[in-house]
Amino acid sequence: MAGGAGPSVTAQIALQARPATLALKPGQPPTPIWELAAVSHTRGVHLKRGDRCEVVFRNDLPVPLAPVWYGLNGPAAADPLRGRAPTAPDATETSIISIPNAGTLLTDFRLFEDGLKQPARPLPIIAEETSRIAVDRDEVLLIEEWRLRPDGTALPRAAPPRTRPRSIQSTGRLHASSQPPPMSGCGCALSMAPNALSSQSNWRITRSA
């Protein structure tokens, strides 16, 4: 028999590139953004080491895009972008990724940022060990930097650099201070070297449920 069947798929993710809004500063309306959302999951994406994952990507934005993966650390075959064009607007494509290691993965549109008309959010994905480790709970901390216009709306990452306020956000309360408060209940705190951010910086520290 020619051409045997390949390894079976053990997990599935449905990703959608879509417009959204995000509240970055108190007293101002949410800013328009683009996001990569896992529409197949309601409480974060958790895979397992060794998974062979089918990724169904739907592009509902007006420019060609594809999710770019960070942290796979696998062979070239694990890169779903290799040899493929980005997905056209209003189109859907399916690819396969392999999860060789446990850890935190990140997927975003960074390779296409020159064509982004709005700032875009990345999507963290957790790759767990095959045997779950006993812990009180898992917390995902994603820190993002947002460049703001004078009206409080966010600039795309590829916008020309110039003096402007910045907002540091983590996946909710906004703290206008040079240091964020400790994150109670998890035995950890977030700190940053003095003068690492301008005096106009804002902190948003949130723990995902």
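Using UniProt numbering, read the sequence shown as starting at 1 and increasing by one per residue.
All residues carry an ideal CB built from backbone N, CA and C; glycine is no exception.
Please read all numbers here as calculations on a predicted model, not as lab measurements.
I125 sits close to L105, with the two beta carbons spaced by under 8 Å. When C-alpha distances from D60 are compared across L15, Q28, I99, R84, the shortest belongs to L15. The way I'd put it, the region 38-54 doesn't touch the region 82-93; fewer than three beta-carbon pairs between them come closer than 8 Å. Between L22 and D108, the C-beta spacing is not below 8 Å. For the options D151, R157, L155, the alpha carbon positioned closest to that of G27 is the one of D151. Taking every protein chain shown into account, the CB of A91 has fewer than 16 other CB atoms within 10 angstroms, so this residue is exposed. Short of 6 Å from the beta carbon of E93, and not among the five residues preceding or following it, lie these beta carbons of its own chain, in chain order: F57, T87. By the beta-carbon neighbour count (other beta carbons within 10 angstroms, threshold 16), P62 is exposed. In this structure, I33 lies away from R137, with their beta-carbon atoms at least 8 Å apart.
Residue pairing of L36 in beta bridges, as defined by DSSP: A17.
Counting along the chain, K25 sits inside no beta strand (DSSP E), nor does DSSP assign it H or E at all. Here H46 is bridged, per DSSP, to I126.
Note on P19: under 16 other CB atoms within 10 angstroms of its CB, so exposed under the neighbour-count rule.
Straight-line measurement puts the Cα of R157 at about 38 Å from the Cα of S8. Per DSSP, the beta-bridge partners of S95 are V55.
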